[in-house]
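Residue numbering for the sequence shown follows the UniProt record's numbering, starting at 1 and increasing by one per position. To start, the structure itself, in structure tokens.
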Amino acid sequence: MATLNFFDTFRYALESELSKLMTTSTLVETVSINYEDFTEGFLTCGTCLYTYDGDEHSPKLLPCSHTICRICLEKISSNATLRDPSGNFRCPICRELIQLPRGGVMAFPPSFLVNQLLDLVASQRREVIPKCSSHVTQELLYCEPCDLVFCNLCTGDKHDNQNANNSSHDNDHAITNREHTVIPFSIAIKRMSEILLYKAQQCISKLDESSRNVLSEMQKLDQNTELSFEDINRTFQEVINFVDKRRQELLNCAKKIREDKRNVLREQLTKIELEKSRLEKECNEFKYQVEVRDISKKINDLKAKLNSVNTMLDPRENCFLRFEHLQNSTNNIQELVNNFGSIRTSNTFPSLCVATIGKCSIHLRSFANVITFDYNGQRQKFGGDPILVTLVHNNSQQTIPCKLNDNRDGTYEVQFVPQKHGDFSMKITIFGRPIKTYPLEFTVSEHINPLCIYGGKGFDQHQFFQPTSLAIDNETGYVYVLDTGNGRIKKLLQNQCNNSPFRLICHIEEKHFENRAATGIAFCANSRSLLVTNWRTKNIVKIDCDGRFIEKFGHSELIEPTCIAVNPNSGQILVADNASNAIFLFQTNGEFVKKITTWMNPNTKKTESLGEINGLCFHPETNDIIVSSEKILIYSSDGEFIKPIGNESSSSSSSNNKFKNHFYGIAIDRSNNLLAARAEKSRNIIQVIDYKNGLVKFSIDSNDAKLKRPSCLALTNDDHVIVVDLGNDCIKKYRYY
């Protein structure tokens with residue numbers, strides 16, 4: 001319970017102040033009053049019975065230690081002045097004679113004690129305990145789950161057999177049953193009031209923050225407007241300078257032409273004057289001539305001169321000088337000026353804009369999409385918003401470079417390539433204000449898994465049995481999978497949907513594919529045909545894309561042709577023969593060109609046999625021949641050995657950077673990304689290798705769908721690789737960029 005014992009804390013302060021203001025000091029005894037027994041009667045003037053305040057009824061302390069309000073003292077003082085000119089009066093409480101100070105009533109000191117009491121009462125809210133109107137001594141109770149106020153006596157303990165302790169004001173007396181929690185209503189009011197005040201304070205804080213944000217936005221608006229003014233003035237001043245420069249050039253040109261013409265005419269005029277002066281002089285000389293013969297001669301000379309003078313009648317230069325421009329050029333310039341520049345603004349409301357992101361894998365290009373909305377929640381239809389994107393790896397706090405693409409339809413695309421796995425935070429702001437999904441939290445996986453899987457072991461139309469190779473027609477999107485065990489080629493069409501990535505077109509069945517004899521397939525873009533190797537008949541079969549037989553060819557030294565590749569530029573054909581450990585190079589018409597059987601080991605400087613050959617391909621730019629076996633071997637288009645790849649790698653995920661075991665399927669794109677299927681003791685992976693330096697960029701581990709024997713690879717134009725998984729009798733599609 002609050003008491004008035006706080007008087008002790010300022011007792012000496014009161015005595016000190018009173019000693020300064022009064023001649024005789026009166027010691028005021030401190031009283032201790034229970035706050036429950038304290039009433040507003042302690043704070044009322046004993047004369048007028050009005051409550052003290054800070055205005056007319058401000059408390060004034062008399063030398064006798066009694067307190068009277070100011071308005072009462074003024075009335076008493078004015079009445080006493082009529083009787084006694086000195087203005088002295090008696091205290092209306094104790095009748096002690098009070099001497100009026102020189103400053104009048106206002107000179108009496110304020111009653112600090114009463115003022116402190118007023119402040120205390122104002123700050124202390126007196127607790128009110130609600131009582132039942134029928135049972136004045138019974139405190140009301142409150143059931144929190146039911147949101148019900150009730151009297152325990154009125155309900156007769158019927159509120160789900162709840163009994164509440166109505167003699168306590170503390171939260172510890174709340175009674176909790178199986179379903180209900182009952183507390184005194186006074187405590188409930190206090191709780192709700194505190195919650196209300198807390199929520200109100202939160203709202204006020206938010207409103208204050210909103211006010212600051214609006215003021216800040218207005219300030220930024222003014223700043224941007226001033227910058228726009230400067231840009232407009234500067235740009236148009238440049239245009240004006242261009243126009244003035246051109247105007248001055250034309251004026252100078254006109255002046256120069258005028259001076260040139262004037263010089264020519266002035267020169268002609270000078271000649272005329274000289275000729276005229278000479279003739280006048282000659283005429284004056286012959287004025288007194290009497291010799292007829294001389295005069296006749298001079299006349300003849302003048303006749304000849306007259307003919308030459310006739311050419312001087314016309315000016316050597318003309319007066320034509322005029323400014324011209326193309327027809328309607330003025331209108332065109334006016335139209336250009338009218339359309340020159342624009343004021344860009346936006347209705348985008350950042351707090352409603354959202355960003356989404358799909359699954360992300362390490363080393364692969366990832367995308368986040370930003371969708372903008374206006375204040376009313378409508379999708380924006382135009383781009384151009386100033387968007388700032390910051391991408392941070394949470395563990396290392398490393399910032400990842402991002403590229404923002406404006407789709408010009410109110411959506412934006414953020415591209416990035418994470419070089420680390422783990423948790424990331426993408427912070428996107430528009431106009432410097434965060435969007436709704438700020439920050440966008442996501443996780444980058446350390447594994448690269450297939451986008452889709454097609455097939456399975458079996459003999460049905462959507463199944464495979466020992467698929468060995470495939471070829472892609474990137475122009476039409478058709479995929480040809482050699483289903484060796486079933487003796488057919490499965491013709492598929494790629495779909496954009498990963499749920500149904502391939503659509504079966506047909507099965508190509510031919511007698512040359514029987515008895516599991518076909519092991520390699522390649523697509524020839526020049527002739528729009530398919531080439532299939534047959535190790536039983538020791539030849540290569542050529543068919544069209546619908547399965548019609550065209551021709552077959554081979555070579556006397558060809559023993560067991562397996563894999564095959566076609567040069568996309570020249571159409572040359574490369575065939576691997578594992579029985580003779582050799583590679584045969586043919587022209588597009590089947591004519592034999594060359595046989596490759598060895599390679600040079602740069603470590604031992606010795607020639608070694610090719611060994612088992614598991615994959616072939618051509619470089620699409622340089623036409624280099626690429627062979628996969630225990631190592632990756634590079635030959636020129638003429639079959640000359642260049643170098644091996646596979647001595648070392650830059651893969652940070654492996655402590656041993658040496659290539660081991662064998663490579664199988666192999667493919668390369670125009671960006672020099674060499675993809676090779678690598679078989680190790682415990683796993684099979686697809687390595688992405690930099691063709692120029694031979695270092696491994698990263699590996700596709702296919703963690704969620706392990707590769708069992710990746711026998712062949714083929715690349716699409718959109719940076720995807722399709723892998724024939726011979727061990728799992730299916731094909732798998734991955735993204736590698």
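Built from N, CA and C at the ideal position, the CB exists for glycine as well. In this text the structure is predicted, and so the values were computed from the model without any measurement.
Two segments are said to touch when three or more pairs of C-beta atoms, one from each, lie closer than 8 Å; by this definition the region 503-520 touches the region 480-494. Scanning its chain for C-beta atoms nearer than 8 Å, with the 5 sequence neighbours on each side dropped, one finds around L250 the residues F323, in chain order. Taking each of G87, G104, S111 in turn and checking the Cα distance to L61, the smallest one comes out for S111.
Residue nearest to G458 within the set S133, G727, K542 is G727 (criterion: CA-CA distance). Residue burial is scored here from C-beta neighbours: R678 has at least 16 other C-beta atoms within 10 angstroms and is therefore classed as buried.
Secondary structure of V627 (DSSP, three-state): strand. DSSP places A122 in the helix class (H, G or I) of the three-state scheme. K643 and G384 have their C-alpha atoms some 50 Å from each other. DSSP places R503 within a strand segment (E or B) once states are collapsed to three. Per DSSP, the continuous alpha helix (DSSP H) segment holding T81 begins and ends at 70-83. Here the C-alpha atom of E273 lies approximately 15 Å from the C-alpha atom of C283. Here N318 carries a coil assignment [DSSP, helix/strand/coil]. With a contact defined as Cβ atoms closer than 8 Å, H393 and K420 qualify at about 5 Å. In this structure, DSSP gives L326 a state outside helix and strand, which the three-state scheme calls coil.
In this structure, I453 sits near K732, with a CB-CB distance shorter than 7 Å. In the DSSP annotation of this structure, the continuous segment of the alpha helix (DSSP H) that includes L227 starts and ends at 185-285. Contact check for Y142 against V149 passes: the beta carbons are separated by less than 7 Å. In the DSSP assignment, N569 falls outside any alpha helix (DSSP H), carrying neither H nor E. In the structure shown, the three-state DSSP call for R678 is strand.
Distances from the CA of K542 to each of V566, L215, Y736 were compared; the closest alpha carbon is that of V566. Per DSSP, the beta-bridge partners of T607 are M600. Between G477 and F464, the gap from beta carbon to beta carbon reaches 7 Å or more. Residue pairing for V417: DSSP places it in no beta bridge.
Residue pairing by DSSP leaves M106 without any beta bridge partner. A distance below 7 Å separates the beta carbons of D577 and L558. Bounds of any alpha helix (DSSP H) do not take in T429; it lies within the beta strand (DSSP E) bounded by 422-430. Residue E96 holds the alpha-carbon nearest to the alpha-carbon of C64 among E74, E96, S58, N88.
Distance from the CA atom of L404 to the CA atom of P568, rounded to whole angstroms, is 35 Å. For T155, there is no enclosing beta strand (DSSP E); the enclosing alpha helix (DSSP H) has its first and last residue at 152-155. Nearest to R683 by C-alpha distance, out of Q461, G571, R709, is R709. Secondary structure of Q494 (DSSP, three-state): strand.
If you draw a straight line from the Cα of G87 to the Cα of I71, it comes to about 16 Å. For N603, the closest alpha carbon among the candidates G646, R379, E621 is that of G646. Going by C-alpha positions, F373 is about 16 Å away from G432. Ranked by Cα distance from I613, the options S628, R548, T330 are led by S628.
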